[in-house]
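Undergrad: Here it is, the structure, as structure tokens.
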Amino acid sequence: MNTVSPDGDNLIVTGWFSNSVQVIDPADGAILEDIRTLAVPTNAIRHGERLVAATIGTGNIVDATTGEEILGGLSVPLGLASDGQTLYVGDWATGIIHAVAPDGTSTVAVTGLTTPEGLAIFGDRLLVVEEALDRIVIVDPISGRIVPIIEGLNLGSRVIPGAVPYGIFNGVAMDRNAIYVTGDGDNTVQVFRVDRP
Numbered sequence: 000m001n002t003v004s005p006d007g008d009n010l011i012v013t014g015w016f017s018n019s020v021q022v023i024d025p026a027d028g029a030i031l032e033d034i035r036t037l038a039v040p041t042n043a044i045r046h047g048e049r050l051v052a053a054t055i056g057t058g059n060i061v062d063a064t065t066g067e068e069i070l071g072g073l074s075v076p077l078g079l080a081s082d083g084q085t086l087y088v089g090d091w092a093t094g095i096i097h098a099v100a101p102d103g104t105s106t107v108a109v110t111g112l113t114t115p116e117g118l119a120i121f122g123d124r125l126l127v128v129e130e131a132l133d134r135i136v137i138v139d140p141i142s143g144r145i146v147p148i149i150e151g152l153n154l155g156s157r158v159i160p161g162a163v164p165y166g167i168f169n170g171v172a173m174d175r176n177a178i179y180v181t182g183d184g185d186n187t188v189q190v191f192r193v194d195r196p
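Going letter by letter, the sequence shown gives residues 0 to 196 in numbering that gives the first Met the number 0.
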């Protein structure tokens with residue numbers, strides 16, 4: 000598996016090598032959904048009632064169940080986050096985060112990031128992993144302001160020849176008072192205590 004995200008009591012996992020998006024019950028390992036019709040899925044999350052996936056093979060974001068395009072024309076779609084209303088999409092190659100509104104319209108929320116990978120909601124802002132800079136930043140999707148909050152990480156850039164250009168996905172997640180960051184540089188999950196907004 001290349002990415003994992005929560006889905007209520009279940010987990011959503013993607014595998015670009017296996018070309019799969021799956022919903023799994025972690026209690027017994029049962030596969031509740033198994034989608035293998037997408038063009039090289041790099042990430043997937045629940046956005047409202049929809050299971051959405053980033054696909055590097057077509058450069059778009061789709062409803063994984065129906066295949067309906069949500070956002071197209073991306074270079075390397077990777078990071079995904081949802082506040083239940085707005086879907087945020089990071090493009091690893093361009094350093095842009097797009098915001099897709101409930102009516103389907105999209106805007107450029109943030110520019111100037113360096114290889115954004117994992118995204119997570121942080122109050123009314125976003126946490127973003129900037130893999131090439133070994134840091135986590137907070138991004139305001141209204142103003143576009145970028146503020147580094149965790150630096151000096153060992154995220155690495157282990158690119159496998161002939162595979163996806165970003166190598167191994169570096170993710171970020173939050174609970175009530177901690178930020179969790181995966182790093183492929185040293186194969187760890189690092190925990191940072193924070194006060195959640």
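For glycine and all other residues, C-beta sits at the position ideal for the given N, C-alpha and C.
Please check the pair Gly182 and Asn169, which I expect to be a contact at CB under 8 angstroms, by giving their CB distance rounded to whole angstroms.
TA: Right, their Cβ atoms sit about 6 angstroms apart.
Undergrad: Report all residues from its chain with a CB closer than 8 angstroms to the CB of Ala177; omit the five preceding and five following residues, and keep chain order.
TA: Cβ within range, chain order: Val190, Phe191, Arg192 and Val193.
Undergrad: If you draw a straight line from the C-alpha of Glu116 to the C-alpha of Tyr87, how long is it?
TA: Whole-angstrom Cα-Cα distance: 12 angstroms.
Undergrad: Provide the residue span of the beta strand (DSSP E) that contains Thr13, from first to last.
TA: It spans Asn9 to Gly14 - the beta strand (DSSP E) in which Thr13 sits, taken as one unbroken run.
Undergrad: Short check: CB of Ala98 to CB of Met173, under 7 angstroms?
TA: Result no, Cβ atoms of Ala98 and Met173 do not sit closer than 7 angstroms.
Undergrad: Taking the runs of the beta strand (DSSP E) that are 3 residues or longer, which of them lie wholly in the region 71-137?
TA: Counting whole runs of 3 or more residues, the region 71-137 contains the beta strand (DSSP E) stretches 76-81, 86-90, 95-99, 105-109, 115-121 and 124-129.
Undergrad: Terminal residues of the continuous beta strand (DSSP E) containing Ile148?
TA: Element bounds for Ile148: Ile145 to Ile149.
Undergrad: For Gly72, does the count of other Cβ atoms within 10 angstroms reach 16, so buried, or fall short, so exposed?
TA: Flag for Gly72 reads exposed.
Undergrad: Pull up the CB-CB distance for Ile60 and Pro76, whole angstroms please, since I reckon it's below 8 angstroms.
TA: Confirmed, about 6 angstroms.
Undergrad: Based on the DSSP output, what are the partners of Ala172 in its beta bridges?
TA: Paired residue(s): Tyr179.
Undergrad: In whole angstroms, give me the CA-to-CA distance for Gly111 and Asp27.
TA: If I take the Cα positions, the gap works out to 43 angstroms.
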